[in-house]
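In what follows, a structure is listed as structure tokens, so that the remarks can point back to it.
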Amino acid sequence: GAASRHPRVHAVMRFVRRFAVRGAGAVAVGVGAAHRLTASLCDSQQSGYRKPPPEITALADYSPVPSVSLQPRQQAYLVYLHHKPMLTLEDISAPVLKLGGKRFNPCTLNAHGAHGVSLYHTSLEVQRVAVPCGAAQRVSGLPEGARMEQFSWSPDGSKLAFALRTAEVGDDAVCRLWLLDVESATAAAVEPTQPLNCVLGAAMAWLPDSSALIVKRPVGTLADAPTPVVVPASPSMQQSAGGGAKAAVRTYPDLLASEADAQAFRHYTTAQLVHLTLDTRRCGGGGAARVQERLLGV
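First residue of the sequence shown: 15, per the numbering used here; consecutive thereafter.
This is how it looks when you write it as structure tokens:
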């Protein structure tokens, strides 16, 4: 009938059947909501994104179990890394470049996973688990809309470094270095104006004595990026030399296919190594750490 003309209705029904293992009650609620959604779709010709009934939203919008990171050495604190159950429209609409077997956002310069999206954490909690134990405490100092990744403990276990951004595009999309002081459960930006280059993975590494970090900064800006070539300067040619027996050869996705790809890959992956000496006494009080930097090379 009318429902057969709306593919989204079939998607909703499949979603409801997937949760059948949760019990007949949940299925009854889901089926009722699906029928109301069917009527809404059939009666309305409006376009754009729409929210499903509350019963459907409740099935998908839940609080997932956070990831946990244990303090090294002392093992006295746990850090809970919270994340959202689903990606936002901004997340799945973020620009992605696929070059040299890597996938990354050219605005944020952070790596994406195999599915072309970047997974991140939205809030942190710290809990003392050594005697005397304490309750989980929400980390203060984080900006609204924080998106955190690449967590790295200092060797002495007193600080947790991470990359933070607040958007996927625009001026706030740049990843910056932040520090969490575990004992005070406060976080602060180390260099509020300096971006990180996370395209090839970890953008920071602690020195063994926990007094400094080696970080990677981008050399160029997004405005300096090579302009995509519409008309290639030469034909695309592939050559197979030798007449040996044919055999399966392992390959990789998103290989560099042209000189333009090579130039873009070189631009986004080239980084400046910087030695940051931290005065972490200020960071523990909730303020930004005093930084002395020294350029090491590209």
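Built from N, CA and C at the ideal position, the CB exists for glycine as well.
Q) From which residue to which residue does the alpha helix (DSSP H) around residue 281 run? A) Within the sequence shown, numbered from 1, the residue matching residue 281 stands at position 267. Counting along the chain, the alpha helix (DSSP H) containing residue 281 begins and ends at 273-283.
(Q) Going by the DSSP bridge assignment, what does residue 219 pair with across the sheet? (A) Looking up residue 219 in the sequence shown gives position 205. Paired residues: 228.
Q | Endpoints, alpha helix (DSSP H) assigned at residue 72 | A | If you number the sequence shown from 1, residue 72 lands on position 58. Unbroken alpha helix (DSSP H) run through residue 72: 68-74.
Q: Go ahead and pull the three-state DSSP assignment for residue 298.
A: As a position in the sequence shown, residue 298 is number 284, starting the count at 1. Because residue 298 sits at a pLDDT of 38, beneath the cut-off of 50, its placement in the model cannot be relied upon, and the following sentence gives the value as read from the coordinates. It is coil, neither helix nor strand.
Q.
Could you tell me which whole beta strand (DSSP E) segments of length 3 or greater appear in the segment 93-161?
A. 111-113, 116-119, 137-142
Q) Hey, how far is the Cα of residue 195 from the Cα of residue 179? A) Position 181 of the sequence shown, counted from the first residue, corresponds to residue 195. Position 165 of the sequence shown, counted from the first residue, corresponds to residue 179. Going from the Cα of residue 195 to the Cα of residue 179 covers about 19 Å.
Q) When we look at the beta-carbon of residue 140 and count the other beta-carbons within 10 Å, is it buried (16 or more) or exposed? A) Locating residue 140 in the sequence shown gives position 126, where the first residue counts as 1. By the neighbour-count rule (16 or more Cβ atoms within 10 Å), residue 140 is buried.
Q: Could you tell me the boundaries of the beta strand (DSSP E) in which residue 179 lies?
A: Counting from 1 along the sequence shown, the entry for residue 179 is found at position 165. Segment 173-179, the beta strand (DSSP E) holding residue 179.
Q.
Quick test of the definition: if touching needs 3 or more C-beta pairs under 8 Å, does the segment 86-96 touch the segment 201-208?
A. no
Q | Enclosing beta strand (DSSP E) for residue 201 [first to last residue] | A | As a position in the sequence shown, residue 201 is number 187, starting the count at 1. Its beta strand (DSSP E) spans residues 200-203.
Q) If we count the other Cβ atoms within 10 Å of its Cβ and call it buried at 16 or more, is residue 175 buried or exposed? A) In the sequence shown, the residue the question calls residue 175 occupies position 161. Classification of residue 175: buried, given that the 10 Å Cβ count is 16 or more.
Q: Pull up the distance between the alpha-carbon of residue 159 and that of residue 273, whole angstroms please.
A: Mapped onto the sequence shown, residue 159 falls at position 145. Mapped onto the sequence shown, residue 273 falls at position 259. Near 38 Å, if we compare the C-alpha coordinates of residue 273 and residue 159.
Q) Looking at residue 199 and residue 151, is the spacing between their C-beta atoms short of 7 Å? A) As a working note, residue 151 is residue 137 in the sequence shown. As a working note, residue 199 is residue 185 in the sequence shown. Yes, Cβ-Cβ distance for residue 151 and residue 199 is below 7 Å.
Q. Sorted by chain position, which residues of the same chain lie with C-beta nearer than 6 Å to residue 219's C-beta, five sequence neighbours on each side aside?
A. Counting from 1 along the sequence shown, the entry for residue 219 is found at position 205. So the qualifying residues of the chain are 228.
Q.
To the nearest angstrom, how far is the alpha carbon of residue 116 from that of residue 72?
A. The residue you call residue 116 lines up with position 102 of the sequence shown. The residue you call residue 72 lines up with position 58 of the sequence shown. Cα to Cα, the separation comes out at about 35 Å.
Q: Could you work out which residue in 74, 75, 96, 76 is closest to residue 82 when comparing CA atoms only?
A: Residue mapping note: residue 82 aligns to position 68 of the sequence shown, counting from 1. The residue with the shortest Cα to Cα distance from residue 82 is 96.
Q. Would you call residue 182 buried or exposed, if buried means 16 or more other Cβ atoms sit within 10 Å of its Cβ?
A. Within the sequence shown, numbered from 1, the residue matching residue 182 stands at position 168. By the 10 Å Cβ count, residue 182 comes out buried.
Q) For the candidate residues 170, 288, 122, 213, whose alpha-carbon lies nearest to that of residue 225? A) Translated into positions along the sequence shown, residue 225 becomes position 211. The shortest Cα separation from residue 225 among 170, 288, 122, 213 belongs to 170.
Q.
Can you check which of these residues, 242, 103, 86, 69, is closest to residue 63 by C-alpha distance?
A. Sequence index remark: in the sequence shown, residue 63 carries index 49 (1-based). It is 103.
Q. What residues in its chain sit with their C-beta under 6 Å from that of residue 156, if we drop five residues either side in the sequence?
A. Along the sequence shown, one-based indexing puts residue 156 at 142. Taken in chain order, the residues that qualify are 201.
**Q.** For residue 267 and residue 291, the rounded distance between their alpha carbons
**A.** As a first step, residue 291 must be located in the sequence shown, where it is residue number 277. As a first step, residue 267 must be located in the sequence shown, where it is residue number 253. Each residue's Cα considered, the two are about 39 Å apart.
**Q.** Nearest-angstrom Cα separation, counted from residue 94 out to residue 78
**A.** Counting from one through the sequence shown, the residue named residue 78 turns up at place 64. Counting from one through the sequence shown, the residue named residue 94 turns up at place 80. Residue 78 and residue 94: Cα-Cα distance of roughly 12 Å.
Q. Given a threshold of 16 other Cβ atoms within 10 Å of its Cβ, counted over all protein chains shown, does residue 114 qualify as buried or as exposed?
A. Your numbering for residue 114 matches position 100 in the sequence shown. Buried, by the Cβ-count rule.
Q: Put residue 238 into one of helix, strand or coil per three-state DSSP.
A: Counting from 1 along the sequence shown, the entry for residue 238 is found at position 224. If DSSP states are grouped into helix, strand and coil, residue 238 belongs with the helices.
Q: Please list, in chain order, all residues of the same chain as residue 214 whose beta carbon is under 6 Å from its beta carbon, the five residues on each side excluded.
A: In the sequence shown, counting from the first residue as 1, residue 214 sits at position 200. Contacts found: 283.
Q | Range of the contiguous beta strand (DSSP E) that encloses residue 193 | A | Taking the first residue of the sequence shown as position 1, residue 193 is located at position 179. 190-195 is the extent of the beta strand (DSSP E) around residue 193.
Q) If you follow the beta strand (DSSP E) that residue 270 is part of, which residue opens it and which one closes it? A) Locating residue 270 in the sequence shown gives position 256, where the first residue counts as 1. Careful: residue 270 lies outside any beta strand (DSSP E) and carries neither H nor E.
Q. For the candidate residues 281, 146, 276, 275, whose alpha-carbon lies nearest to that of residue 238?
A. Mapped onto the sequence shown, residue 238 falls at position 224. Taking only the C-alpha atoms, the option nearest residue 238 is 281.
(Q) In this structure, how does DSSP classify residue 292 when only helix, strand and coil are distinguished? (A) The sequence position of residue 292 within the sequence shown is 278, counting from 1. Strand.
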